[in-house]
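Start counting the sequence shown at 0; every next residue gets the next number (numbering that gives the first Met the number 0). We treat Cβ as the ideally placed atom computed from N, Cα and C, and that holds for glycine. Working notes, beginning with the structure itself.
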Amino acid sequence: MVVTVGLASPLERVSSTYEDFMDIFRENGCKACKTGVGWVNKYLLGNIAAQLINLGLGLYCTSQHLKWTQCFKASNGWSPPVFEGLRKILNPEYFCEITTGACEKENFREIRLNQEVKRIISDKPDFIKDNKYINKLYDQIDEDRRAGKQRKNMTLYHITDVHINADYKEGTNNKCNSFVCCTEESGVATKDKDRAGKWGDYLCDTNPRVIDQLQTAVGTTGMPDFVAWTGDSTGHQIHNNPFITTKATKQVTLILERIFEKSVVFPIHGNHEFAPFNIQDMSKKNSEEVELIADAWKDWMTPEVYQEFIHHSYFSYDAKTHPKASEEFKRKMDKVRIISINTQNCYTFNFKLIGEYNDPGQEFNWLENLLRQMEKDGEIAILIGHIPPGNLDCTQEFGMRMRALHDRFQHIIRLNLFGHTHYEEFEVHRGISDDLPIGTNHVSPSITTFVDQNPSFRVIILDEETLLPIEIQTYTMYLDKANKNDKDAKFVLDHEYTKQFGLKDLSPSSMLILSNKLRNYDDHATNYMIKRLGGSPKAHYNMKKGCNERCRRIIFCDTAFNDHGSKRACKKWADLDSIEMATYIFDFVYPSWVKRIE
């Protein structure tokens, strides 16, 4: 009799073959990988490759119907960091240990994102573990209101994305195949529809005289207690000179100092202040652009804040120490810290981040340590920045860590203010363990009209005790009316958020309810999309047929989550635009953070 022992199943045979292959690969693959990658780095990433990258970026630019002279400037500024970053990614040790796993990790250790998230929230206090802390504060505010108890308020202006066109000229052409039109260089318009208006144009950056009209809103609201200004003052031109890219910031600073002479301004820069725009080397302690901006803002900073800014390009204030703070402001803002984060450390189009193996500029480490110290000191925070961390322009590595920080410190961070998109938007912060709504990123519309929107900004009414927003008022200049009649060249109240969208309050729970309404109801979504662009003629035209199922799904995904991985997973492939599709490439270009093994 023949006894058959241990006949392997097909699955077991495949598994065994795979393990044998991996043993051989691990034994020989490491050397082959390093040799191959070293060869690519030495022979393929030479001058010809650099020129091809330059040409490719230039051709992409011209495909957007822009002049080659402008695109030449752009590609000359962008291609060196792209090329340099690719060489870092194709470092044989890094590529073969981290990207392919062909080698044992002798030089680099991967800092796994899920483990980092767990670490950040591991010591979360018991009193916030139900992820309802901020919602409960709103409940208390509502109870006091119902009981007739008076609660004191504060007023905050949020101004962002001015994008000033210093050379704006009425009557010039608004279509010129350049990044910025409506200048003498654009030529005189031959058709009325192409003619730049007196106060501005929907296809161009901001006419400087529009910024002066902020004072018309002050006449209505009264002087705000303080102002948050979240960057991007420079126009969309391409310049490789820091003195030119920061000139607009200095110009806007002088205007804001004059208008808000009796108020307090807390600023942070965006991505357009750099030369060329978007590009900042976070590995350097000093930046010429940041030094120039810091000099413009010196009157708004203590010596300590000034030094922190020029050395790191991010900073925080003990709010009551602001040089312009009145005694009343100091009383109201006791134990309050304004945190100005530099979102260049997550911006996917900051090509200097390519090949950054770890926390760019050590900013996340600084922010986490700061919040832990604030917790010990009993402080609360208002966080301001340019790019919303949940935006697809922000890397998932940073965005997900920010989500974890908001979960861990939800009792400390009371308000999050961002710009960059030019739209009026929001993102709901979700708890890590249960996806419950725990906070909100409030994204303000832009002052710039570029593209197809009315100049707008926000007046935010805060509950003085908690510093939570209880009203968000959007003030708008209706550009088409202003160009017809100077009397309409003013910022007026367009809508208040809770009334416009039928919200009980601005709590995280209410904002998530709004996200669901935007997904399910065409009238809500259409209204949202029109207000998103400041009620411009183009916004009304785009929404003539309403907001279909795909439109509503995109809005829901963009508002109901605050990290781009969750947003991307929420959408269907057909929902993704070219930038969103490119984020899959960015996942490779900006992979997991790693640490060098000493």
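Quick check on DSSP: helix, strand or coil for residue i?
i	result
residue 314	strand
residue 263	strand
residue 95	helix
residue 80	helix
residue 425	strand
residue 552	helix
residue 157	strand
residue 304	helix
residue 167	strand
residue 235	coil
residue 179	coil
residue 339	strand
residue 59	helix
residue 457	strand
residue 228	strand
residue 111	coil
residue 450	coil
residue 346	strand
residue 539	helix
residue 380	strand
residue 520	coil
residue 594	strand
residue 641	With the chain covering only 0 through 597, there is no way to say anything about residue 641.
residue 355	coil
Within the same chain, show all residues whose beta-carbon is closer than 7 Å to that of residue i, passing over the 5 residues directly before and after it, in chain order.
i	result
residue 249	295
residue 120	403, 406, 407, 431
residue 109	97, 591, 593
residue 245	272, 288, 291, 292
residue 497	470, 504, 505
residue 236	178, 179
residue 334	377, 378, 379
Is it buried or exposed, residue i, if we count other Cβ atoms within 10 angstroms and call 16 or more buried?
i	result
residue 599	The requested residue 599 does not occur in the structure, where the chain is confined to residues 0 to 597.
residue 99	exposed
residue 198	buried
residue 187	exposed
residue 578	exposed
residue 539	exposed
residue 149	exposed
residue 42	exposed
residue 282	exposed
residue 440	buried
residue 493	buried
residue 473	buried
residue 446	buried
residue 476	buried
residue 316	buried
residue 336	buried
residue 596	exposed
residue 584	exposed
residue 438	buried
Quick test of your reading: residue i and residue j, contact by CB under 8 Å. State the CB separation rounded to the nearest angstrom.
i	j	result
residue 343	residue 563	Not a contact, Cβ separation roughly 17 Å.
residue 362	residue 151	Between residue 151 and residue 362 the Cβ distance is about 34 Å, and since that is not below 8 Å, they are no contact.
residue 278	residue 533	About 29 Å; that fails the 8 Å criterion.
residue 451	residue 537	4 Å
residue 428	residue 507	7 Å
residue 545	residue 521	5 Å
residue 481	residue 511	About 36 Å separates the two Cβ atoms, so there is no contact after all.
In its own chain, which residues sit with a C-beta less than 8 Å from the C-beta of residue i, not counting the 5 before and 5 after it?
i	result
residue 203	164, 167, 173, 179, 180, 181, 195, 448, 449
residue 557	424, 426, 566
residue 322	298, 299, 300, 301
residue 211	254, 258
residue 242	291
residue 515	555, 559
residue 0	Any reading at residue 0 needs caution, since the residue's pLDDT is 44, under 50, leaving its predicted position unreliable; the model's value is listed next. Here the set comprises nothing.
residue 528	538, 541, 542, 546, 550, 554
residue 40	86, 89, 90, 91
Could you confirm whether any beta carbon from chain D is found closer than 8 Å to the beta carbon of residue i?
i	result
residue 252	Protein chain content of the structure displayed is limited to a single chain, and chain D is not contained in it.
By Cβ distance, which residues of its chain are closer than 6 Å to residue i, with the 5 residues on each side in sequence left out?
i	result
residue 301	320
residue 382	338, 412, 415
residue 175	185
residue 341	312, 313
residue 280	351
At a cut-off of 7 Å, would you count residue i as near the ligand GDP, judging by its Cβ distance to the nearest heavy atom?
i	result
residue 477	The ligand GDP is absent from the structure shown, which contains no ligands of any kind.
Exercise. Counting pairs of beta carbons, one from the region 223 to 239 and one from the region 265 to 272, are three or more of them closer than 8 Å?
Worked result: yes
Exercise. Taking contact to mean at least 3 C-beta pairs separated by less than 8 Å, is the region 84 to 97 in contact with the region 347 to 356?
Worked result: yes
Exercise. Below 8 Å, can you find three or more Cβ-Cβ pairs linking the region 125 to 145 to the region 213 to 232?
Worked result: no
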